[in-house]
Structures are given as structure tokens and as C-alpha cells.
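Take a look at the structure below.
There are 2 protein chains.
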Amino acid sequence: MRRMESTESAYRLLLSELKEISLLSSVGSVLGWDERTQLPRRAASTRADQLSMMAKLIHQRFTAPKIGEWLSQLEGSQLDADAKANVRETRREYDREVKIPESLVQEEAHVSVMAQQGWAEARKQSDFTAFAPWLEKIVQLKLQRAKCLGYAVHPYDALLDQFEPGETTANLTRVFESLRDPLVQLIGKIKDSSHKTPAEILERKYPVAAQESLARQAAAAVGFDFDAGRLDVSTHPFCTGLGPGDTRMTTRYDENYFGDAFFGVLHETGHGLYNQGLKAEHFGTPLGSAVSLGIHESQSRMWENLVGRSQSFWTFFMPKAKSAFPETLRGVSEEDWYRAINDVRPSFIRVEADETTYNLHILVRFELEQAMMTQSLSVADLPGAWDEKMRKYLGITPPDAARGVLQDIHWSGGGIGYFPTYTLGNLYATQFFESARTDLGDLDAQFAKGEFAPLLGWLRNKIHQQGQRYTAGELVKVVTGRSLSAEPLLRHLRNKAREIYQI
Amino acid sequence: MRRMESTESAYRLLLSELKEISLLSSVGSVLGWDERTQLPRRAASTRADQLSMMAKLIHQRFTAPKIGEWLSQLEGSQLDADAKANVRETRREYDREVKIPESLVQEEAHVSVMAQQGWAEARKQSDFTAFAPWLEKIVQLKLQRAKCLGYAVHPYDALLDQFEPGETTANLTRVFESLRDPLVQLIGKIKDSSHKTPAEILERKYPVAAQESLARQAAAAVGFDFDAGRLDVSTHPFCTGLGPGDTRMTTRYDENYFGDAFFGVLHETGHGLYNQGLKAEHFGTPLGSAVSLGIHESQSRMWENLVGRSQSFWTFFMPKAKSAFPETLRGVSEEDWYRAINDVRPSFIRVEADETTYNLHILVRFELEQAMMTQSLSVADLPGAWDEKMRKYLGITPPDAARGVLQDIHWSGGGIGYFPTYTLGNLYATQFFESARTDLGDLDAQFAKGEFAPLLGWLRNKIHQQGQRYTAGELVKVVTGRSLSAEPLLRHLRNKAREIYQI
Numbered sequence: 001m002r003r004m005e006s007t008e009s010a011y012r013l014l015l016s017e018l019k020e021i022s023l024l025s026s027v028g029s030v031l032g033w034d035e036r037t038q039l040p041r042r043a044a045s046t047r048a049d050q051l052s053m054m055a056k057l058i059h060q061r062f063t064a065p066k067i068g069e070w071l072s073q074l075e076g077s078q079l080d081a082d083a084k085a086n087v088r089e090t091r092r093e094y095d096r097e098v099k100i101p102e103s104l105v106q107e108e109a110h111v112s113v114m115a116q117q118g119w120a121e122a123r124k125q126s127d128f129t130a131f132a133p134w135l136e137k138i139v140q141l142k143l144q145r146a147k148c149l150g151y152a153v154h155p156y157d158a159l160l161d162q163f164e165p166g167e168t169t170a171n172l173t174r175v176f177e178s179l180r181d182p183l184v185q186l187i188g189k190i191k192d193s194s195h196k197t198p199a200e201i202l203e204r205k206y207p208v209a210a211q212e213s214l215a216r217q218a219a220a221a222v223g224f225d226f227d228a229g230r231l232d233v234s235t236h237p238f239c240t241g242l243g244p245g246d247t248r249m250t251t252r253y254d255e256n257y258f259g260d261a262f263f264g265v266l267h268e269t270g271h272g273l274y275n276q277g278l279k280a281e282h283f284g285t286p287l288g289s290a291v292s293l294g295i296h297e298s299q300s301r302m303w304e305n306l307v308g309r310s311q312s313f314w315t316f317f318m319p320k321a322k323s324a325f326p327e328t329l330r331g332v333s334e335e336d337w338y339r340a341i342n343d344v345r346p347s348f349i350r351v352e353a354d355e356t357t358y359n360l361h362i363l364v365r366f367e368l369e370q371a372m373m374t375q376s377l378s379v380a381d382l383p384g385a386w387d388e389k390m391r392k393y394l395g396i397t398p399p400d401a402a403r404g405v406l407q408d409i410h411w412s413g414g415g416i417g418y419f420p421t422y423t424l425g426n427l428y429a430t431q432f433f434e435s436a437r438t439d440l441g442d443l444d445a446q447f448a449k450g451e452f453a454p455l456l457g458w459l460r461n462k463i464h465q466q467g468q469r470y471t472a473g474e475l476v477k478v479v480t481g482r483s484l485s486a487e488p489l490l491r492h493l494r495n496k497a498r499e500i501y502q503i
Numbered sequence: 001m002r003r004m005e006s007t008e009s010a011y012r013l014l015l016s017e018l019k020e021i022s023l024l025s026s027v028g029s030v031l032g033w034d035e036r037t038q039l040p041r042r043a044a045s046t047r048a049d050q051l052s053m054m055a056k057l058i059h060q061r062f063t064a065p066k067i068g069e070w071l072s073q074l075e076g077s078q079l080d081a082d083a084k085a086n087v088r089e090t091r092r093e094y095d096r097e098v099k100i101p102e103s104l105v106q107e108e109a110h111v112s113v114m115a116q117q118g119w120a121e122a123r124k125q126s127d128f129t130a131f132a133p134w135l136e137k138i139v140q141l142k143l144q145r146a147k148c149l150g151y152a153v154h155p156y157d158a159l160l161d162q163f164e165p166g167e168t169t170a171n172l173t174r175v176f177e178s179l180r181d182p183l184v185q186l187i188g189k190i191k192d193s194s195h196k197t198p199a200e201i202l203e204r205k206y207p208v209a210a211q212e213s214l215a216r217q218a219a220a221a222v223g224f225d226f227d228a229g230r231l232d233v234s235t236h237p238f239c240t241g242l243g244p245g246d247t248r249m250t251t252r253y254d255e256n257y258f259g260d261a262f263f264g265v266l267h268e269t270g271h272g273l274y275n276q277g278l279k280a281e282h283f284g285t286p287l288g289s290a291v292s293l294g295i296h297e298s299q300s301r302m303w304e305n306l307v308g309r310s311q312s313f314w315t316f317f318m319p320k321a322k323s324a325f326p327e328t329l330r331g332v333s334e335e336d337w338y339r340a341i342n343d344v345r346p347s348f349i350r351v352e353a354d355e356t357t358y359n360l361h362i363l364v365r366f367e368l369e370q371a372m373m374t375q376s377l378s379v380a381d382l383p384g385a386w387d388e389k390m391r392k393y394l395g396i397t398p399p400d401a402a403r404g405v406l407q408d409i410h411w412s413g414g415g416i417g418y419f420p421t422y423t424l425g426n427l428y429a430t431q432f433f434e435s436a437r438t439d440l441g442d443l444d445a446q447f448a449k450g451e452f453a454p455l456l457g458w459l460r461n462k463i464h465q466q467g468q469r470y471t472a473g474e475l476v477k478v479v480t481g482r483s484l485s486a487e488p489l490l491r492h493l494r495n496k497a498r499e500i501y502q503i
């Protein structure tokens, strides 16, 4: 029998163990960043071995019985609010992780590296059959995982809960469905509007070096600290935290299209600001960790769309853009530019989609993932089902797999259940933003002067520095006074459509 | 009591444990590469925590009693030659590592990251006093380490043995002294020679992009596989193996000097070829590991100096250089170029020194390190002692600390005892090269046609693929038929001096 520790000592031991485990996990993040930005072609299998070994070590340490014992002891003791939150969230994760056998953790880590390489190759060739065996493997692994985790209603619930703790398929279906028909309607009206945007401005020539410099200016202007982070290039843009003082984001540049890199960087900057805003002294504990992927995404969406696509942002930023691209933007008015970056138009690629159609891309994936997890849809039938849903919701048919079912990296990395957090992010973002407007007065006047510190300060205080003090559902209520609803997002999109398309 | 395993099973368990430990250690190498090429300024302390945690884990695993038990059992059993070598070398390392307490391992790892950042800052300011407290700390740690390891004669022996197993201060002193006076004499004669080289050709304008492209061509031409490696930029050039399929080298470019980057890359390529030549199926065991730092350095020196500064190499490569720098090299003859890249002239910076003066830079460090380890020289007196030795051996006085005692990264990383392996590398390289000439016929005729595969094949077979089958001393005898001697290096340098300076 382990000697019973004092409450204080059990808490201290728990935190110190959690911090060591997080340090291991941050080492895994270094391996992951490097894999996606630097890895030589022939090193994939070595990297898979390294990542799967780290996953095993982390899983072993986190599921050790002593952690369960400390938690039980602390749950029976008087704790302050900080400690209560740390114990509650550690318990949630501990109970989840002990259900997963080490062999599964290792196999998932290994398969995900190899499958990502397989996906990248298959996408290049636009050949779904080359990726299908990997996806089969991943679906089997995720079914196994869902079975280990257990679920009340839907196997998809088990996966969803890992990314958005407490979220359910039933609740998401309800919220997403209240979004679907109004969005399809709105997009129809926009299509029929006689007002068009000069979106082709974005397809002129934008030299890559100037794009990068402008994107860095924008990230720094809204508050990203480049002494505590980096911006690099990768095939699939992402942002990752490698521990205190080290937040890294990536993007990709297309000389013939402005939107991808610039708004992509603002998006990753939103993630980066959340990471940089977590309290370093709480590193490794729930109080120093992000609430959920949905809340994380709310930060990226807010800076990308609610700030970055606002007219006031460009009142401040247009002169900088004009000086970066003097030829390309000669004679382009602020109004033209604002209309161009807010063009709404069904398209094939999710990450290039506008604010409005974007959520229908997520609905497609949300519905297909559920079908795969109930095995009512086979991997072989996936491309057909994909195209059918694209026709139904967006009215377009992908010309090939690369611009259809093969476009996203997520499934190859094992991220089934991840996509819904993107639309959750859009919903949280607009609901938070309405409250920020109420609290901070005329945000547009501030943006127009390049003042982003009030908004960032508000987010730091209300969200970043809270860590996991509240669950996502609680946080929304604490910050906005209401439960999550589709109304703020619909209101925002309808306002934009009114301005741009006179609807 | 642990149940006695069969010999076969004990060997299998030992190898599998060694491979896992090496995988952890390769993860540490990823962290190290990233630290030196990518790390944001404010992430140093996080990276120190990560590296020190990995060092602790590796040390814990490698010094576990079960490894000692497997070794003892295997030492009493019949083994084939492969197994014998693996057991012998693992025993050597195990006996060394169990003497070092975990706390020292962790402290060294932590201090080395922080001290490297401190060194970089101090060098930038050319301020030795800013670095002195870190060096004090490191000398204390190394004294502690030497005491833990134990030594018969000189505390420096204990440090040396880590980088060059079996090497002693006494033996090195003997070999290095047989080199010192002849070198000082030779350099004196060169100084007095009326023949000069057109070394200023190298100080013209060489655009960085073309330098990089040319260096990549050279590395690929001699056999470096860029699908299994990378070339990046860092302040202090290095090469590191991150596991099978992943060998990374770095360099730095100076637009106004050709020599540094080009020969630097050929140097790192030599290290890289050794890494890429180790047998992947032996990864993680002594048979898949390099013999010693000195033998590693012999490979880099061979490709940098014996190949890269030969006339025949430039018969092949000069047209490529001319097409990379058509303006800069207009009218430069192959003969001029060959003389320019073989200029001998005392200078301040070791890594920029020519083949001949280079070894005196090492002697300076070799003697100062010994004095620090017997505490007959204090850190405070080090800059003065440095300058005095530079005057004595090379006849020049560094104008400031940045070009003197602060120039190298090694001490800040804890690498006391490391420098002598550079001159050992020069000695091994020339002795190996004389044998290669005997075995392979007219190497110069091959180089002139761009044929490097015969030499690389010979090295692969005789050295790279042997792993640690032989110790460094044995390997030299097996490959060349003789013990290590200063004669081949002196012969080579005198031949060059005769050609270039008519001595």
C-alpha cells in the first residue's frame, strides 16, 4: 500500500508529474512540426518510430495508477477553485486514457505518420484508391478506439468527446441543422443577386516575398510575438505549441492568389495568440491548457474573419497592402477590396472557402464521418457519397479526388471527429465577438486606427488566461451570458450579405 | 532474482532495449538540430527543460541493472563476432554511464542549452566576462564528471575517453608534439617563400543563392543523398544524424568569401556520408554506430581537404563553379584557383584556417583544456593564455575575444576534450587516404572525371559499414596496416607546400 500523502503533497506531486508528461508531449509536438515542415522523404519510417515511442511513453506515464490514486485522494479533500479545476479536468482525461491500451496508442501513432505520407502521395496523383487502404486501417483503429472509450448512443460521440469534451452527436446535429437550411437559402439568394464582387482582384500577381512580409506585418500588428514563435511554409497550414515561448505556425503561398496565405496566416495567428496567452506558470496543467479545439478555433476564426475581413481592418491595413503590391493594387479602392475579400461562391476546397459556404463543407464531413463510424458507408463508397453531398449542399461536383475527398490531411492523421470543431469555432467566435462589441465599445473605430490591444486584452482575460477553468459550454455562458446558438453566426453572415450583395 | 534467460533471448532483449534507447536519443538529436536552426529567442528555457528531461530518461534506461545483467550473462557465453563487438562496446559505455549520477546528467543538459545562448550573446558583444560565469559552471561540471568517471593519470583522460574511446592524454601529447615543431617550421618556410597565392580571388563577390546551389551540387556529386538528409543554415555549422534516413547538415554563407560555405559543406558532407553509410539494420547498436569522433572527423577532413582541395577535383568542378559565378570567375585559371584554395596563412578563426595552420589551433585548445582541468589555469586567466599561445604557435594576436577565446561553441555545450578529435581526424584521414590510393589506383584520374564512387565504396566497405566492430586504434591498423602516425599528414602538407610555395 502507498502511504497516504497529505492533500497538499498529493496535489504537488500530481502537478509535477503532469508537467513532466506535458514536457514529453511538447517533445512530440517538436517531432510533429518537424515532420510537416522539414522531414526528408526517406525518414518517414524513423519518424513514425520516434512518434510512436513518445506516444507510448506519454500514455504509460499518464495512465500510471499513482495518478488515479492522487486524483481519488484529492477528490475527497477541500480544494481551492484552481485545484478543483485541475483535478476535474485531469480526471476526465485520465478516465479516458486508461481505457485505451498502450498497443493501440502506439499503432495509431505509427499508422498516422505513414498514412499522412501515403495521403500526400495519393493527393498528388489525385488517386483515391492509393489512399483507401490507409483510410480502411484508420477507420478500423477509430472503431476500436470508440469501443474502448465506450459511448451511450453513437460511436461518433466517443471520438467527438476527445476534441470537444462533453459535446455529443445529438447536440451538434441539432445546432448544425438549425444552420444548414438557412445557409443553403442564403447562398441561393446570393447566387441570384445582381450585385457581384470584383473577386478577380485577388487572382492577380502577388509576389511571394511581399506576401510573406505583409502577412508577418499583420500577425505582428494584431499581437503575435515573433520572439516566441515562427512562421514557416508547409503543404497543409497549421499552428502548434511546442511549450512556453515556442508557438509555430505555417502557411503556403500562391503567387497568383492573395487570399490563401494572408487570411491563412491571420487564422493561424488567432491560434497562436491563444497559445501565447496561456499562462506559462500553469504549463502542463489544465489551467494552462486550451479548453477544446472548438474554442481554439473560435480564436482563429475571429482574427481571420471577424477582424481580418472587416472594413475597418482594411482602413488601417490597405496602405500597407498597397505599398507591398504597388503595381497589382494600383487603382483598387478600399471598397472594391472589401467586396473582393468577402465574395461568397461555392467552391471545392474547404480551406479556400468563404465564411458562408465554409460551414456546408463541414456538414459534408460531419455526416460522412458518422456514416463511416456506423459502417453504413464503406471506404470504397466514400468518394461517391462525397460528391453527392457537395452537389446537394453546394450545387457543385468536384472534378477530381484531389479537389474532393482527398483534399484534407485530417483523416490520414487519424482525426475523425475533428472537423465539427471548425463550425463550432465559427459559432463560438461570432457569439464571443458580439459580447466583445458590447463590452469594448466601437471596435471598428479601434481597428481602423490599428488598435487591436483592447480586443486581444479582452480575449486574454476572458478566455486565454482561464485555461480549462470552465468547460466550453460553461465558458460560452460565462463570457456571453447565453448558451451556444446559431443565431449570432447567421446574423453576421446575413449582415455581410446585405452589405455586399444588397440582400 | 531475475530468471536466467537463454543467451539468445538475453541478446535479443539487450538489442531491443538498445534500439529503444537510441530512438529516444535520436529524438534528443531532433531537439538539438531544431535548437540550433529554428528556436525562437524566448523558447530557450523550454528547450533546456525538454533536453534535460530526455537526457534523464535516456540515462535512466541505459543504466538500468537489467542491462548490466544481460551483459554479464553474455560475457560468459559463446558469441559470434557481431555479438561480441556489440557486447564489448555496450559494456564500455555502460560502465562509463553508471558512474554518472542522474542529477549530473540533467544539470549538464540544462546548463549546456542556457550556456550556448549565453555564449552566442557574449560572442556577439565580444565580451568574455559575460561568458565567464557559464564557463566556470561548465568547468566545475566537467571536474565533477571526471571525478565520477575516474582516471589513472590526468582528469583530462576521463573526458577524452568519452569522445575517443581508449585515447589518453599521454598518447595524444606524444603524437601532437611530433606534429607541432615540424608544422611551426613549415609555416615559417611558407611565410618566407617568395611564391604567393592569389587568395584574394576567394574574397570577391559570390552571391549566396549561387553558393548554395553549387555546394548542393558538390555534396550530391560525391554521394550525399538529399532524400535522406537536408542542408540548412546555422551560426555554427554542424552535421547530425536523427536516425536512419535523416542526416542533416548546416552551413553559413558569406557573400564576400567563397571558402567558408563551400568547403564547410564538403566537410559536413563527409560526416553525412559516414552517417548515411552506417547499416540501418544495426541502428541503435554499436555495430550501427560510428567508431569515435576522431574517425568521424577523418571522413569530413578527407572530403573537405584531400578530395575538395585537390587539383583533380577542380578539373571536374571548375566548369560548374564558372557557370555559377560567371562574372566573378571570368579569366580565373584552374591553376590560380587551385593555388588560391590552398593558401597557407596564420589566421584567427579555427574553422576558416587552412589545412596546415589548423592543427596549431587545436594544439592551443588541447593545452588550455588540460590546464583548466588541472585547475592550473583559471577561467579569468584564459583569454590571456589564449592570446599568448596564438602568438607562440601562429605568431599573431587576436584583436578581440570574438576572434579569440570566444570563437567556438564547444565549451558552451560542455564539449571539453572534444577539440583533439579534429587533429586526430586529420591524421586518420591522410593515413586512410594513402591506403585508398594504393588500393584504388589513380584516384586523381577518377576525381577529374567526377568519379567519386570508387572512393566512397572503399570507405563504406572498410569503415562506415563496420560500425564499432573495431576500436579506432584497431581500425587504423586493419585498414592501413600500421598504427597511427603523424607522418602521412606531414608528408601531405609538405607535398602541398612544395607544389604551391616551391619549398
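Order-wise, the sequence lines are chains C and P. The numbering of the first sequence is this note's numbering, which starts it at 1 and goes up by one. The numbering of the second sequence is this note's numbering, which starts it at 1 and goes up by one. Glycine residues also receive a C-beta, built at the ideal position from the N, C-alpha and C atoms. Please read these numbers as outputs of a predicted model, since none were measured by experiment.
Simplified DSSP assignment, three categories, for residue i
{"i": "N495 of chain C", "result": "helix"}
{"i": "T240 of chain C", "result": "strand"}
{"i": "Y257 of chain C", "result": "strand"}
{"i": "L406 of chain C", "result": "coil"}
{"i": "V233 of chain C", "result": "strand"}
{"i": "S298 of chain P", "result": "helix"}
{"i": "G413 of chain P", "result": "helix"}
{"i": "L15 of chain C", "result": "helix"}
{"i": "T63 of chain P", "result": "coil"}
{"i": "Q38 of chain P", "result": "coil"}
{"i": "N508 of chain C", "result": "An answer regarding residue 508 of chain C cannot be provided, because it is not within the stretch 1 to 503 covered by chain C."}
{"i": "Y501 of chain P", "result": "helix"}
{"i": "E164 of chain C", "result": "coil"}
C-beta atoms of residue i and residue j nearer than 8 Å
{"i": "F262 of chain P", "j": "A324 of chain P", "result": "no"}
{"i": "L306 of chain C", "j": "A486 of chain C", "result": "no"}
{"i": "Q299 of chain C", "j": "L459 of chain C", "result": "yes"}
{"i": "V222 of chain P", "j": "Y253 of chain P", "result": "no"}
{"i": "M318 of chain C", "j": "W303 of chain C", "result": "no"}
{"i": "G243 of chain P", "j": "A228 of chain P", "result": "no"}
Of the residues the options, the one placed nearest residue i, counting alpha carbons only
{"i": "I362 of chain C", "options": "C:W386, C:Q116, C:A340", "result": "C:W386"}
{"i": "T90 of chain C", "options": "C:F283, C:L71, C:F452, C:Y501", "result": "C:L71"}
{"i": "L293 of chain P", "options": "P:G415, P:H282, P:D227", "result": "P:G415"}
{"i": "H410 of chain P", "options": "P:G331, P:P237, P:M390", "result": "P:P237"}
{"i": "L484 of chain C", "options": "C:Y393, C:S178, C:A55", "result": "C:S178"}
{"i": "A371 of chain C", "options": "C:D444, C:D80, C:Y156, C:T315", "result": "C:Y156"}
Residue i classed as buried or exposed, judged by whether at least 16 other C-beta atoms fall within 10 angstroms
{"i": "H492 of chain C", "result": "buried"}
{"i": "T285 of chain P", "result": "buried"}
{"i": "R12 of chain C", "result": "exposed"}
{"i": "R36 of chain C", "result": "buried"}
{"i": "N495 of chain P", "result": "exposed"}
Bounding residues of the alpha helix (DSSP H) (the contiguous stretch that carries residue i)
{"i": "T250 of chain P", "result": "T250 of chain P -> not in any alpha helix (DSSP H); beta strand (DSSP E) instead, spanning 247-251."}
{"i": "G425 of chain C", "result": "420-440"}
{"i": "W119 of chain C", "result": "102-125"}
{"i": "N305 of chain C", "result": "Looking at the DSSP string, N305 of chain C is not in any alpha helix (DSSP H), and its letter there is neither H nor E."}
{"i": "R469 of chain C", "result": "Note, R469 of chain C: premise wrong, no alpha helix (DSSP H); not H, not E."}
{"i": "L172 of chain P", "result": "169-192"}
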